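Residue numbers (the working numbering), protein chains in the order written: chain X, 1 to 290; chain L, 291 to 447. For each residue, glycine too, the CB sits at the ideal point set by N, CA and C. Keep in mind that this is a model prediction, so the values were computed, not measured.
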């Protein structure tokens, strides 16, 4: 299978890339790792007149912690995240998810920015970014702006990015003490998308009650879903089997998965409920290590 | 549509080729460079039979544009044997009968050789994880794991 014809551009700087996007508008598409874009173009599910390859622009692949924030360059490949001490020690949810994203060969090319900006509700990292309270940094002709991850996803494959903007950085707040996060994913085999996936981030107060709960679902509707009712319910509660069961019920109730070969609507919603409980328990367990 | 002049090193030999933007790396390798050891299977980045090493890292060449390999070093299965002597991983596959139909073998060999470069003594679990993006429908993977262990033993004693 061969993509429809297009012109390939390899800008050397971010400014040059934005210039190309401005010039070609909706005809242009950013190529990062290409692990979602190229299969879609080969299957002729998508076609673009111009691909703007940002893969060689220096300074888009980094992971650094400063001033209570971990900043990750959007071009950081999944294999680099997987090996990162900062990622593994700070963000249990990301550490859980990374070995479950696609397969090792795809993770050698695929990037965090691509996973987030593609707007596919079956991708794992959007829900994680939302649960962790991440901010996404976009660069466009007018300069830089930040968008909260939970306001980034507008519709199926549609994000807050303008056609001439490029996602350049992900900023994740370093969790305060007594925090823990986890991701639980159900998939049929290596390389498969999630039938259901749940990201949870918990911060407990000194008395052990929930100060902040972030919960977001993968494959639960046209966009990654922030389970706001479940999050609100957990505030100031003590996590026990009863409150975990109620939060899981609320999260599953908010989901609107579609029926496909990975399961029926009822099955996926039930799995979202079960996985929410498991992710909450795992995250709670990790609050004790911090 | 403009063509692009690209330079790349394949199994140590420098090449300069002109490619169309949409030419896939696997097609460059098989059809232009005539290195047909690299196979095409699912063509949707699932099966891994098209695996080659890009600057030493295993990648699926059906899901890369040839133009993306500009300036890079590629290794294909043809480059494993050196001076008429099989690479340890090839010897392992022979010794441990790690193939039947052989279709997945070139990709499998590339992934396994890259693993051994990175990890001299991989555990069974690490081997299984490393090859989880390469499908084999004949062996059940048992003998592939044994072949990697054989090669690790041979390379690193």
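query: Please state if the CB of residue 56 of chain X and the CB of residue 78 of chain X are separated by a distance shorter than 8 angstroms.; result: no
query: Compare the C-alpha of residue 264 of chain X against each of X/184, X/123 and X/221 and name the closest.; result: X/221
query: Let's test the definition: count the other Cβ atoms within 10 Å of the Cβ of residue 324 of chain L and tell me whether it reaches 16, buried, or not, exposed.; result: exposed
query: Check residue 243 of chain X in the structure and name its three-state DSSP category.; result: helix
query: Determine whether the Cβ of residue 109 of chain X lies closer than 8 angstroms to any Cβ atom of chain L.; result: yes
query: What distance in whole Å lies between the Cβ atoms of residue 283 of chain X and residue 92 of chain X, which are believed to be in contact at a cut-off of 8 angstroms?; result: 7 angstroms
query: Could you tell me whether the stretch 231-247 of chain X touches the stretch 117-130 of chain X, using the rule of 3 or more Cβ pairs below 8 angstroms?; result: no
query: With a threshold of 6 angstroms on Cβ separation, who are the neighbours of residue 115 of chain X within its own chain once the five nearest residues in sequence on each side are excluded?; result: 123 and 125
query: Which stretch, first to last residue, makes up the beta strand (DSSP E) that contains residue 73 of chain X?; result: 69-73
query: So, is residue 142 of chain X buried or exposed, given that buried needs 16 or more other C-beta atoms within 10 angstroms?; result: exposed
query: I want to know whether the stretch 188-204 of chain X touches the stretch 261-275 of chain X - three or more CB-CB distances under 8 angstroms.; result: yes
query: Provide the residue(s) that pair with residue 158 of chain X in DSSP beta bridges, ordered along the chain.; result: X/155
query: On the three-state DSSP scale, how would you describe residue 23 of chain X?; result: helix
query: Give a yes or no on whether 8 angstroms exceeds the smallest Cβ distance from residue 80 of chain X to chain L.; result: no
query: Using a threshold of 7 angstroms, is the CB atom of residue 169 of chain X nearer than that to any non-hydrogen atom of the ligand ZN?; result: Absence of the ligand ZN from the depicted structure is noted, as is the absence of any ligand whatsoever, leaving it without description.
query: Determine the DSSP secondary structure at residue 390 of chain L, reduced to helix, strand or coil.; result: coil
query: Taking the beta strand (DSSP E) that residue 358 of chain L falls in, what are its first and last residues?; result: No beta strand (DSSP E) holds residue 358 of chain L; DSSP gives it neither H nor E.
query: Identify each residue in the stretch 419-436 of chain L for which the Cβ-Cβ distance to at least one residue of chain X is less than 8 angstroms, and report them in chain order.; result: 419, 420, 422, 423 and 424
query: Just mark residue 150 of chain X as buried or exposed, buried being the case when its beta carbon has 16 or more other beta carbons within 10 Å.; result: buried
query: Applying a beta-carbon distance threshold of less than 8 angstroms, which residues of chain X neighbour residue 315 of chain L?; result: Under the 8 angstroms cutoff, chain X gives no residues; its nearest Cβ is about 10 angstroms from residue 315 of chain L.
query: In the stretch 271-288 of chain X, which residues sit with their C-beta less than 8 angstroms from some C-beta in chain L, listed in chain order?; result: none
query: So what's residue 142 of chain X in DSSP terms, helix, strand or just coil?; result: coil
query: In whole angstroms, give me the CA-to-CA distance for residue 52 of chain X and residue 356 of chain L.; result: 15 angstroms
query: Checking the sheet assignment: what are the DSSP bridge partners for residue 53 of chain X?; result: X/31
query: Which residues share a DSSP beta bridge with residue 214 of chain X?; result: X/201
query: State yes or no: is the C-beta of residue 269 of chain X within less than 8 angstroms of the C-beta of residue 245 of chain X?; result: no
query: Taking any Cβ of chain X, which residues in the stretch 346-360 of chain L have a Cβ under 9 angstroms from it, in chain order?; result: 347, 348, 349, 350, 352, 353, 354, 355, 357, 358 and 360
query: Show which residues of chain L have a CB atom less than 9 angstroms away from the CB atom of residue 2 of chain X.; result: 312, 313, 314 and 317
query: Would the stretch 358-374 of chain L and the stretch 291-308 of chain L be scored as touching if the rule is three or more Cβ pairs under 8 angstroms?; result: yes
query: Closest by CA to residue 7 of chain X, which one among L/312, L/304, L/308 and L/296?; result: L/312
query: So, is the C-beta of residue 103 of chain X closer than 8 angstroms to a C-beta in chain L?; result: yes
query: Which residues in chain X have a C-beta closer than 8 angstroms to the C-beta of residue 403 of chain L? List them in chain order.; result: Those within 8 angstroms of residue 403 of chain L in chain X number zero; the least Cβ separation is about 13 angstroms.
query: Given this structure, state the Cα-to-Cα distance separating residue 333 of chain L from residue 192 of chain X, to the nearest angstrom.; result: 16 angstroms
query: In this structure, does DSSP put residue 348 of chain L in helix, strand or coil?; result: strand
query: With residue 436 of chain L and residue 388 of chain L assumed to form a contact (beta carbons below 8 angstroms), what rounded beta-carbon distance in angstroms separates them?; result: 7 angstroms
query: Can you round the beta-carbon distance between residue 179 of chain X and residue 202 of chain X to whole angstroms, since I take them to be within the 8 angstroms contact cut?; result: 6 angstroms
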